[in-house]
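To start, the structure itself, in structure tokens.
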Amino acid sequence: MINFLIIGTILGLSAGVAPGPLLALVVAETLQRDIRSGIRIALAPLITDLPIILISLFILANLADFHVALGLISLTGGLFLLFLGCQSLKIPDINPAISGGGMKSLTKGILTNFLSPHPYLFWLTIGGPIMIKAMNTHQLAGLAFIGSFYFCLIGAKILLAIVVGKSRFFLTGGIYRTIIRCLGLFLIILAGKLLYDGLKLLQILN
Numbered sequence: 026m027i028n029f030l031i032i033g034t035i036l037g038l039s040a041g042v043a044p045g046p047l048l049a050l051v052v053a054e055t056l057q058r059d060i061r062s063g064i065r066i067a068l069a070p071l072i073t074d075l076p077i078i079l080i081s082l083f084i085l086a087n088l089a090d091f092h093v094a095l096g097l098i099s100l101t102g103g104l105f106l107l108f109l110g111c112q113s114l115k116i117p118d119i120n121p122a123i124s125g126g127g128m129k130s131l132t133k134g135i136l137t138n139f140l141s142p143h144p145y146l147f148w149l150t151i152g153g154p155i156m157i158k159a160m161n162t163h164q165l166a167g168l169a170f171i172g173s174f175y176f177c178l179i180g181a182k183i184l185l186a187i188v189v190g191k192s193r194f195f196l197t198g199g200i201y202r203t204i205i206r207c208l209g210l211f212l213i214i215l216a217g218k219l220l221y222d223g224l225k226l227l228q229i230l231n
């Protein structure tokens, strides 16, 4: 169970602080309005991700007896995670120049996250297979994974909103870049594990 808790923590922190549409919106709302608006954006995954998770688990559960399909999904997830890890090492700058508009902060966050391909790709290729493996180990292992993932995902974005609101130079500083790069290395290690699992399911490795 501890393994899944650690994996959920690493993936959650990486997703929480990695540059992307939702984080850019968190920063933009914090800078243009206030910290509370940024926090509302950060809470969007709690609303949008449940149907995505359920659909992903349903699809994967129906593939549970087909090792070739699961192997290909694991390989895809490993490659996607490897891509995310490499992107974290490159650490592109966050561009908060998003129009403030008149839409409520939470609504903007929900639309941004729901229309982004990242949650779908993550839960179909990375989160879903890990969740199923955790649940097959023990129900508490599944809860540990998903609980630690969302605690760190949401918590990291909320913390960034607070830090940006208090110190607007944080995102251009060395500390933020160092954190992202360290998490990128962890993602690459996890990518290797997924690729290994995929090759085993395809019976390429024993």
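Residue numbers (the working numbering): 26 to 231.
By construction, the Cβ of each residue, glycine as well, lies at the ideal position given by its N, Cα and C atoms.
Fewer than three beta-carbon pairs drawn from the stretch 200–214 and the stretch 54–65 are found closer than 8 Å, and the two stretches are therefore not classed as touching. Collapsing the DSSP output to three states places K182 in a helix.
Below 8 Å, too few C-beta pairs join the stretch 162–179 and the stretch 99–113 to call them touching: fewer than three. The C-alpha of K182 is placed about 10 Å away from the C-alpha of G37. Taken through DSSP and simplified to helix, strand or coil, R58 comes out as coil. In this structure, the CA atom of H92 is about 6 Å from the CA atom of L227. Closest by C-alpha distance to S192, out of G152, A69, I32 and V52, is V52. About 22 Å separates the CB atoms of L208 and L100; that is not less than 8 Å, and the two are not in contact.
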